[in-house]
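In the numbering used here, the protein residues as written are 420 to 748. Using N, Cα and C, we set each Cβ at its ideal position, and we do this for glycine too. Remember, it's a predicted structure, so these values are computed and weren't measured experimentally.
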């Protein structure tokens, strides 16, 4: 359920950014809040899921371990190349497409997928230790401190795009992993804990979010998203704890139908399919969406349409397999 909330929010934000006519301050404000939460939230969920899965990890084939990164890379290729063709309208530029394929050119609304591809590759080798290390207070504190420190430093001495996926660099719209890694560590720390959070964590999260909001509303220059400042990265702390609490409460108390949790089980399909639909809409119609309610309706329609397509595909696959299972041997 946690990832379902994140996916729904990200699709809403993309509707605002890609096809909504500018000028609706409420929708744009909600989009900014979602931007604050989304990448940190997905890293939190990634750490949470990795730590849980590695407790019962079994050594698999090389392909089994590479399947996740391969799927994320394919998702990035689809979304990134579609952005070049439909939004930037560069045509089949060999140079640009080669840049996407080699991860040296990260088109808009797709950059986060490149970061998760690199992270998922790293987790093949070190994921088994993420949970145990995050459970050690001293190591967790060190990891959080180093991550926070990396958000205060921008590296300008290199021109290697892959390193910009790892570390902050000026004049980029990438999502560098080092400053955001604190949420990966915290997700692993909270994995398997029966309660959403403790009182101390709630107080610290509230303080972090209050500090972000205070600076954002009073300073001449609000906390930077690109490259991310440490204050931007810690800003969603309270929201993420509340997301965690809400998702755990819903799962424990409400028997949700499968289609309502489908976005959390098929994250890549929802994000890529919605991007492709929105890119196409932008190319054909410009900015047809007017106001918050239309944005909400478009978001709902996208999620419902993708869920229906997934269910239809699943039913078709099960139907095609049934005769084979029933056939006599």
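Local conformation of residue i per DSSP, three classes
| i | result |
| --- | --- |
| residue 749 | Nothing can be reported for residue 749: it is not among the residues displayed for the chain, which extend from 420 to 748. |
| residue 713 | helix |
| residue 708 | strand |
| residue 439 | strand |
| residue 579 | coil |
| residue 555 | coil |
| residue 590 | coil |
| residue 612 | coil |
| residue 542 | helix |
| residue 649 | helix |
| residue 511 | coil |
| residue 643 | coil |
| residue 622 | helix |
| residue 433 | helix |
| residue 673 | coil |
| residue 571 | coil |
| residue 585 | helix |
| residue 525 | coil |
| residue 751 | Limits of the chain in this structure are 420 at one end and 748 at the other, which puts residue 751 out of reach. |
| residue 478 | With a pLDDT of only 48 at residue 478, under the threshold of 50, the placement of this residue in the model should not be trusted; the figure read from the coordinates follows. Coil, per DSSP. |
Through-space distance from residue j to residue i, alpha-carbon basis
| i | j | result |
| --- | --- | --- |
| residue 483 | residue 730 | 24 Å |
| residue 668 | residue 728 | 29 Å |
| residue 589 | residue 620 | 32 Å |
| residue 515 | residue 699 | 19 Å |
| residue 593 | residue 647 | 9 Å |
| residue 682 | residue 523 | 29 Å |
| residue 586 | residue 511 | 30 Å |
| residue 718 | residue 520 | 29 Å |
| residue 596 | residue 738 | 42 Å |
| residue 666 | residue 420 | 5 Å |
| residue 708 | residue 464 | 31 Å |
| residue 547 | residue 564 | 22 Å |
| residue 645 | residue 555 | 31 Å |
| residue 637 | residue 569 | 24 Å |
| residue 716 | residue 641 | 31 Å |
| residue 486 | residue 534 | 16 Å |
| residue 763 | residue 713 | Lying outside 420 to 748, the shown extent of the chain, residue 763 is not represented and no answer is given. |
C-beta atoms of residue i and residue j nearer than 8 Å
| i | j | result |
| --- | --- | --- |
| residue 432 | residue 453 | yes |
| residue 364 | residue 448 | In the structure displayed, the chain extends from 420 to 748; residue 364 sits before or after that span and is not available. |
| residue 654 | residue 455 | yes |
| residue 545 | residue 527 | no |
| residue 458 | residue 488 | no |
| residue 599 | residue 462 | yes |
| residue 604 | residue 553 | yes |
| residue 695 | residue 429 | no |
| residue 725 | residue 692 | yes |
| residue 635 | residue 601 | no |
| residue 473 | residue 549 | yes |
| residue 443 | residue 657 | no |
| residue 525 | residue 562 | no |
| residue 584 | residue 539 | no |
| residue 427 | residue 688 | no |
| residue 571 | residue 680 | no |
| residue 559 | residue 608 | yes |
Below-8 Å beta-carbon distance, residue i vs any chain B residue
| i | result |
| --- | --- |
| residue 555 | Note that chain B does not occur in the displayed structure, where there is just one protein chain. |
Classification of residue i by the beta-carbon crowding that lies within 10 angstroms, buried from 16 upward
| i | result |
| --- | --- |
| residue 517 | exposed |
| residue 706 | exposed |
| residue 606 | buried |
| residue 678 | exposed |
| residue 697 | buried |
| residue 501 | buried |
| residue 543 | exposed |
| residue 629 | exposed |
| residue 423 | buried |
| residue 551 | exposed |
| residue 613 | exposed |
| residue 633 | exposed |
| residue 513 | exposed |
| residue 676 | exposed |
| residue 503 | buried |
| residue 610 | buried |
Q.
Quick test of the definition: if touching needs 3 or more C-beta pairs under 8 Å, does the region 422-436 touch the region 574-593?
A. Look at the beta carbons and you see the region 422-436 not touching the region 574-593: under three pairs across the two are nearer than 8 Å.
(Q) Quick check: the region 464-472 against the region 731-738, are at least 3 beta-carbon pairs closer than 8 Å? (A) No, they do not touch.
Q.
Three Cβ pairs or more, each shorter than 8 Å: is that satisfied between the region 491-498 and the region 524-542?
A. Under the 8 Å Cβ criterion, the region 491-498 counts as touching the region 524-542, having at least three qualifying pairs.
Q) For the 8 Å Cβ check, are there 3 or more pairs between the region 649-665 and the region 620-631? A) The way I'd put it, the region 649-665 does touch the region 620-631; three or more beta-carbon pairs between them come closer than 8 Å.
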